[in-house]
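Since the structure comes first, as structure tokens, the remarks are kept for the end.
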Amino acid sequence: MAESKRFGPYKGSDANGGRPIYVYKKKVGSKWVTTSKNKARADYESKTGKKLSKNTDVDHKDNNKNNDGKGNLRALSHSKNVAKENKRRVGKKENDK
Numbered sequence: 019m020a021e022s023k024r025f026g027p028y029k030g031s032d033a034n035g036g037r038p039i040y041v042y043k044k045k046v047g048s049k050w051v052t053t054s055k056n057k058a059r060a061d062y063e064s065k066t067g068k069k070l071s072k073n074t075d076v077d078h079k080d081n082n083k084n085n086d087g088k089g090n091l092r093a094l095s096h097s098k099n100v101a102k103e104n105k106r107r108v109g110k111k112e113n114d115k
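Here it is, written out as structure tokens:
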């Protein structure tokens, strides 16, 4: 079995909205391979034991990106997650008027 180490969480890049990530280092032969994964996604997969497909997002039910509790995370298709976020933003703009 290959040796694997997890580091983080670290602050993500501007490209991912600054969301926390874990960095994984795995020894393959004589080299170390480095990958990263969104913290919420990694936490969801770890807590449920389910590996998510690439077109599936992890949604925070309460919209609090810092709340990665098992009861607050759910798998949602990317299109449904984007629609939920757009609906939330429209409601927020209307309340600011």
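As numbered in our numbering, the sequence shown has no gaps in its residue numbers, which increase by one up to the final residue, 115.
We put the beta carbon where it would ideally sit given N, CA and C, even for glycine.
Alpha-carbon spacing of residue i relative to residue j, whole angstroms
i, j, result
"T74", "K68", "12 angstroms"
"D32", "R107", "19 angstroms"
"K45", "R24", "12 angstroms"
"P82", "A58", "According to the sequence shown, residue 82 is Asn rather than Pro. Each residue's alpha carbon lies about 11 angstroms from the other."
"D11", "G89", "In the structure as shown, the chain starts at 19 and stops at 115, and residue 11 therefore has no counterpart that could be examined."
"N34", "K49", "27 angstroms"
"D86", "P38", "11 angstroms"
"P27", "N104", "27 angstroms"
"Y62", "G109", "28 angstroms"
"V51", "L70", "21 angstroms"
Top-ranked residue by Cα proximity to residue i, from the options
i, options, result
"T53", "K43, Y62, S97", "K43"
"T66", "A93, K102, K49, N34", "A93"
"A80", "L91, R59, G36", "The displayed chain sequence assigns Asp, not Ala, to residue 80. Checking every option, the nearest Cα to that of D80 belongs to L91."
"G30", "K110, D86, N56", "N56"
"Y40", "S97, G109, S22", "S22"
Quiz prompt | Within the segment 86-112, ranges of the beta strand (DSSP E) (whole runs, at least 3 residues) | solution = 91-95
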